[in-house]
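*Asks:*
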Amino acid sequence: MAQPILITLRRTAIAAAAAAALGAGSIAAPTLAIARSAPESFADLAEQVTDAVVNISASTTVTEQRSVPTPQLPPGSPFQEFFDDFFNQRGQNGEQGAPRPQRRSNSLGSGFVVDPSGLVITNNHVIGDANDVTVIFNDGRKLKAEVVGKDAKVDLAVLRVKSDKPLKSVKFGDSDKSRIGDWVIAIGNPFGLGGSVSAGIVSARNRDISDQSYGHYIQTDAAINKGNSGGPLFNMDGEVIGINTAILSPSGGSIGIGFSVPSNMAKPVIDQLVQYGETRRGWLGVRIQNVDDAIAESLGLGSPRGALVAGIDEKGPAKPAGIEAGDVIVKFDGVEVKESKDLPRIVGQTPVGKEVAVGIIRKGKEETKTVKLGRLEDGEKQAKFASNGQGGGEPEKPAIKKALGLELSGLTDDLRRRYSIKDSVKGVVVGRVDPNSPAADKRIQPGDVIVEVQQEPVTTPDAVARRIDALKKDGKKSALLLVANAQGEVRFVAVGLD
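Those letters in the sequence shown? Residues -28 to -1, 1 to 470, by mature numbering (1 follows the signal peptide of the UniProt record, and there is no 0).
1. Apart from the five residues just before and just after G(-4), which ones in its own chain have a Cβ nearer than 8 Å to its Cβ?
2. Output needed for A375: all residues of its chain with C-beta closer than 6 Å, excluding positions within five of it in sequence on either side, in chain order.
3. Using the C-alpha atoms, what's the distance from A117 back to T32?
4. When every heavy atom of the ligand HEM is checked, does at least one fall within less than 8 Å of the C-beta of D127?
5. Of all the options E379, W155, M237 and G230, which has the alpha carbon lying nearest to the alpha carbon of D146?
6. Within 10 angstroms of the Cβ of S275, are there 16 or more other Cβ atoms? Answer buried if so, exposed if not.
7. Taking only runs that begin and end inside the region 380 to 467, name each unbroken alpha helix (DSSP H) of 4 or more residues, in chain order.
8. Taking the straight line between their C-alpha atoms, what separation do you get for I295 and F144?
9. Helix, strand or coil: which one does DSSP assign to Q321?
10. Which first and last residues belong to the beta strand (DSSP E) in which V98 is found?
11. Have a look at the DSSP bridge pairing and note the partners of T22.
12. If you check the beta carbons only, do G160 and G100 fall under 9 Å apart?
13. According to DSSP, is P204 helix, strand or coil?
14. Compute the distance between the beta-carbons of I229 and V156, then report whether it is under 9 Å.
15. Between V263 and G278, how many whole angstroms is the CB-CB distance? I'm expecting something under 8 Å.
16. Going by DSSP, what residues sit across from P234 in a beta bridge?
17. Run through the region 257 to 324 for me and flag every whole beta strand (DSSP E) of 3 or more residues, listed as ranges in chain order.
18. Return the residue from the list P429, Y248 and V324 that minimises the CA-CA distance to K254.
19. K134: which of V107, I152, D111 and E428 sits nearest, CA to CA?
20. Is it buried or exposed for R252, if we count other Cβ within 10 angstroms and need 16 for buried?
21. Are the beta-carbon atoms of I190 and S150 separated by less than 9 Å?
22. Kindly indicate which residue of N216, G249, V169 and N103 has the alpha-carbon position closest to the one of S13.
23. Compare the Cα-Cα distances from L452 to each of V401, I372 and K335 and report the closest residue.
24. Alpha carbon to alpha carbon, what distance is there between N216 and V142?
25. I'd like to check one pair, N197 with I173: are the Cβ atoms closer than 9 Å?
26. Residues in its own chain within less than 8 Å of Q417 by CB, not counting five upstream and five downstream?
27. Assuming contact is defined by CB atoms lying nearer than 9 Å, are V397 and V425 in contact in what I supplied?
28. Between G468 and P407, how many whole angstroms is the CB-CB distance? I'm expecting something under 8 Å.
29. Give the secondary structure of A176 by DSSP, where H, G and I count as helix, E and B as strand, and everything else as coil.
30. If you measure between the beta carbons of V330 and L280, is that distance less than 9 Å?
31. DSSP puts Q191 in a beta bridge; with which residues?
32. Tell me whether D285 is buried or exposed, calling it buried when 16 or more other Cβ atoms sit within 10 Å of its Cβ.
33. If you drop the 5 nearest sequence neighbours on each side, which residues of the same chain put their C-beta closer than 7 Å to that of G320?
34. Could you round the C-beta distance between A24 and V85 to whole angstroms and report it? I think they count as a contact, below 8 Å.
35. Rounded to whole angstroms, what is the Cα-Cα separation between Q244 and G447?
36. What is the DSSP secondary structure of K198, counted as helix, strand or coil?
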């Protein structure tokens, strides 16, 4: 824009004049870092893109529950058969087989056109399981929409409408180039009022707002309210850098904290939905956890980094590649894994079937494994962690030992029954936990099973005690335990040795 450029030139001229006044032999004047000023108006930008922003109306047919609840009778009551017949086979009006009443559940949201032929983007939660979706344009036209595909993980949906003329569309920008403090505008349908424009800045990047593994959202203070969901977040070039999806608010209204799906995360998902009608994400087949300071010290990593492998899917791609529980994944396909939350996003964006190099640290040494990625959606259909089915052998005699504030015993049939521990779980069972011990702080509890100490399998309490003593002699500050619950789900826990 002209005005910011003029301001920059004037300030530069002033700086040059000041430098000249200081004299040739004086210290050079410092370079001024001039921030881009706010636009005089957002009107031109809003006018440029508004016609590509649409309202979404989604309707779902819902069968209503009966207004009169079925009476609850005592078990074995001789009247049970009568009431079952009356309430389950007759309508509330007494007519045999009367259908239950139905109603229409409606929701309103926003969206935007990305292809003149009629491709529309919105949030998955805007349309849900609707059986009737209508796209309403700025000129008042209403077109029925077909759901091309949707994805709950990133909360995106792709719709298609048929129009007798090309539609106004907008393009995606590069969300990675957006910086904290950049101006943005949000356009949508707040509270069903129709097209509304709000302005703000990028407040933060890479926000995690839920348990979703794929969430690295843009935060903005541009007003986003109910009904804005699915609408676009524009940069000053009129490019979509985000899809507005959520707000943080105790009241349900905007308090200046809204979140958008970054365009660079959305585009691959949209491409897959358009091409296949579904997503096809890469799948590694591992269960991971964070690396904290204590775990990093136990593994000799120096500082916390990477994703600690806590479990391996027996039918997943990581298993044949030689990746094991206790490995720390620090690089995937050439991309550094700084923390555990990075890995699912990186893997999910990698093509199915691609052979990738996975950098791991195992017992202090760096190694590289080659993995041919599977498909996440296929993996989700399988059992999350299959039991290895091993068992048998003579049970250990119960020998009690105390270490780390834990009372430890060998696994016996009696202890398995007492704590309902699966036969596939091997190790040393925790019988009691000192409430003032570091182990209690790590939420180890009776019935948990210690499978490994410092990545070495243990089957007796004496073995645990020996490993702990050795770690203390080596000057270690904590012991890395692999702990299983009764169902066999494992996690790594670093317990202080002090």
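All residues carry an ideal CB built from backbone N, CA and C; glycine is no exception.
Since this is a predicted model, take the numbers as computed values, not measurements.
*Replies:* Here's the rundown:
1. Legend: pLDDT at G(-4) = 41, less than 50; position of this residue unreliable, value from coordinates given subsequently. Excluding positions up to five away in sequence, the list is empty.
2. V436, A437 and I440
3. 14 Å
4. This structure lacks the ligand HEM, and indeed carries no ligand of any kind.
5. M237
6. exposed
7. 385 to 391, 410 to 413 and 433 to 445
8. 38 Å
9. coil
10. It is not in any beta strand (DSSP E) - V98 instead sits in the alpha helix (DSSP H) that spans N96 to I99.
11. In the DSSP output, where bridge partners are listed per residue, T22 has none listed.
12. no
13. strand
14. no
15. 6 Å
16. G214
17. 258 to 261, 279 to 284 and 300 to 304
18. Sequence check: residue 254 is Gly here, not Lys. The option with the nearest alpha carbon to G254 is V324.
19. V107
20. buried
21. yes
22. V169
23. K335
24. 15 Å
25. no
26. V402 and V405
27. no
28. No, G468 and P407 are not in contact; Cβ-Cβ is about 15 Å, not under 8 Å.
29. strand
30. no
31. A176 and F231
32. buried
33. Y186, R253, G254 and L348
34. 5 Å
35. 52 Å
36. coil
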